[in-house]
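Residue numbers (our numbering): 717 to 940.
We put the CB at the ideal spot given by N, CA and C, even for glycine.
Just so we're clear, the structure is a prediction, and the values are computed from it rather than from any experiment.
Here the structure is laid out as structure tokens; the discussion comes afterwards.
Laid out in structure tokens, this is it:
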């Protein structure tokens with residue numbers, strides 16, 4: 717399933733987790749070890765750049781964290797990131813350089829690449845968001861199926877391949893430069909190829925190939 721491979725989704729030079737992600741074929745394989753990776757990496761970070769703010773919490777000195785934001789480890793917030801009012805970071809999270817976690821946004825078990833924006837009322841759980849991806853206001857990753865069965869990744873719009881992930885919790889994998897429209901729901905097992913665009917109010921399932929547009933109204937995917 718080439719559309720869903722890490723090498724086709726991400727520029728790994730744009731994350732502090734490059735070495736960690738490089739060992740996997742598919743991004744969801746990395747979800748299980750994010751917490752342990754942060755705990756191992758944190759103590760090695762340059763104390764001139766990062767400060768330790770609590771148990772397993774490292775925050776870059778150049779980052780902006782509002783007083784009303786909640787931070788729980790394991791957590792790394794990289795340089796020049798901005799954590800805005802009432803953001804809720806529940807742990808096992810990496811927030812990349814220059815990224816924005818906005819008001820009332822919740823993160824859990826995620827890798828946020830550099831220059832990512834989740835700026836308004838977003839929920840991002842058990843997910844990986846690529847370089848300069850953007851989630852519009854109110855868009856969320858749904859990370860557990862309603863019937864609680866294990867998630868299967870389906871490349872329904874291209875190769876028709878399916879991969880059993882063995883995971884109950886799996887949100888969305890967004891490639892670099894992905895745009896997600898306001899109030900969209902990315903259902904469990906969603907993978908969106910780099911440079912793709914999701915229309916507002918969409919309900920997305922499966923693998924969206926790179927450089928495509930998803931229109932939920934017509935349930936179609938077409939090339940940009």
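Query: Exposure label - residue 798; buried when at least 16 CB within 10 Å; Result: buried
Query: Given residue 844 as reference, the closest of 864, 809 and 882 once Cα atoms are compared; Result: 809
Query: Member of 762, 791 and 800 whose CA lies at the smallest distance from the CA of residue 780; Result: 800
Query: Proximity below 7 angstroms, CB of residue 818 to CB of residue 836; Result: yes
Query: Endpoints, alpha helix (DSSP H) assigned at residue 723; Result: 722 to 725
Query: Residue 922 versus residue 895 - alpha carbon distance; Result: 16 angstroms
Query: Element boundaries [alpha helix (DSSP H), containing residue 691]; Result: Not covered by the structure: residue 691. The range shown for the chain is 717 to 940.
Query: Cβ-based neighbour list, residue 717, same chain, cut-off 8 angstroms, excluding 5 preceding and 5 following; Result: 742, 869, 871, 875, 877, 879 and 923
Query: Beta-carbon proximity check, residue 725 vs residue 846, cutoff 7 angstroms; Result: yes
Query: Alpha helix (DSSP H) segment containing residue 878, residue limits; Result: Element bounds for residue 878: not the alpha helix (DSSP H) but the beta strand (DSSP E), 878 to 880.
Query: Reference residue 816; option with closest CA among 925, 852, 842 and 750; Result: 852
Query: Proximity of residue 911 and residue 893 at Cβ, strictly below 7 angstroms; Result: yes
Query: Entirely enclosed beta strand (DSSP E) segments - the region 768 to 847, minimum 3 residues; Result: 773 to 776, 791 to 793, 809 to 811, 816 to 819, 822 to 828, 833 to 836 and 839 to 845
Query: DSSP three-state assignment for residue 927, whether helix, strand or coil; Result: coil
Query: Sub-7 angstroms separation of residue 791 and residue 773 beta-carbons; Result: yes
Query: Residue burial classification, residue 827 (beta-carbon count within 10 angstroms, cutoff 16); Result: buried
Query: Under the three-state DSSP convention, the category residue 859 falls into; Result: coil
Query: Beta-carbon proximity list for residue 730, same chain, < 6 angstroms, skipping 5 on both sides; Result: 829, 830 and 847
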